[in-house]
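Novice: Submitted below is the structure of interest, expressed as structure tokens.
Numbering (the numbering used here), first residue to last: 1086 to 1221.
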């Protein structure tokens, strides 16, 4: 289950996504643009709309809604849904598959943050903060 902070971040991302789509060309390059209807997304994944609704109910992905209220999916969301489908096809229950995908995503983010921290601490000694001196 996603935390409140993650949901707030997702809302912020949606606002940024909407702003980025002011030009038609930007939509072609944006993985977050909600370009696919539920039927088309299900077709691309080789699954059913019910599967997409199930992973939405499990809060793995939250599709945007068109002006008419129809679900719209981005390429990024379809990649996440495809990973969940792989797990479900292998016999994992939908709820468990969604949890696994969320944990994989969290692990990837933690590894990325660790790498950034490692990079920032491996800079030259002149860029590192001064170390306290030991008493003699």
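The beta carbon of each residue, even a glycine, is placed where N, CA and C say it ideally should be.
Which word fits residue 1159, buried or exposed, when buried means at least 16 other C-beta atoms lie within 10 angstroms of its C-beta?
Specialist: Looking at its Cβ environment, which holds 16 or more other Cβ atoms inside 10 Å, residue 1159 is buried.
Novice: Counting only the same chain and skipping the five closest in sequence on each side, list residues whose C-beta sits under 7 Å from that of residue 1133.
Specialist: Same-chain partners within the cutoff: 1127.
Novice: Could you tell me whether the segment 1143 to 1152 touches the segment 1172 to 1189, using the rule of 3 or more Cβ pairs below 8 Å?
Specialist: Contact holds: three or more Cβ-Cβ distances are below 8 Å.
Novice: I'd like the list of long-range same chain contacts for residue 1161, defined as Cβ closer than 8 Å, with 5 residues on each side in sequence excluded.
Specialist: Once the five neighbours on either side are set aside, the close Cβ partners of residue 1161 are 1116, 1117.
Novice: Near residue 1168, what residues of its chain come up, given a Cβ to Cβ distance below 7 Å and the 5 sequence neighbours on each side ignored?
Specialist: Hits under 7 Å: 1186.
Novice: Considering just the uninterrupted stretch of the alpha helix (DSSP H) at residue 1161, what are its terminal residues?
Specialist: 1160 to 1174 is the extent of the alpha helix (DSSP H) around residue 1161.
Novice: With 16 as the cutoff for other CB atoms within 10 Å, does residue 1166 come out buried or exposed?
Specialist: Under this definition residue 1166 is a buried residue.
Novice: Name the residue from 1157, 1195, 1112 whose alpha carbon lies nearest to the alpha carbon of residue 1124.
Specialist: If we check each option's Cα against that of residue 1124, 1157 comes out closest.
Novice: With residue 1203 as the anchor, note down where its alpha helix (DSSP H) starts and where it stops.
Specialist: 1179 to 1206 is the extent of the alpha helix (DSSP H) around residue 1203.
Novice: Near residue 1139, which residues of its chain fall below 7 Å by C-beta distance, leaving aside the five closest residues on each side in sequence?
Specialist: Taken in chain order, the residues that qualify are 1179.
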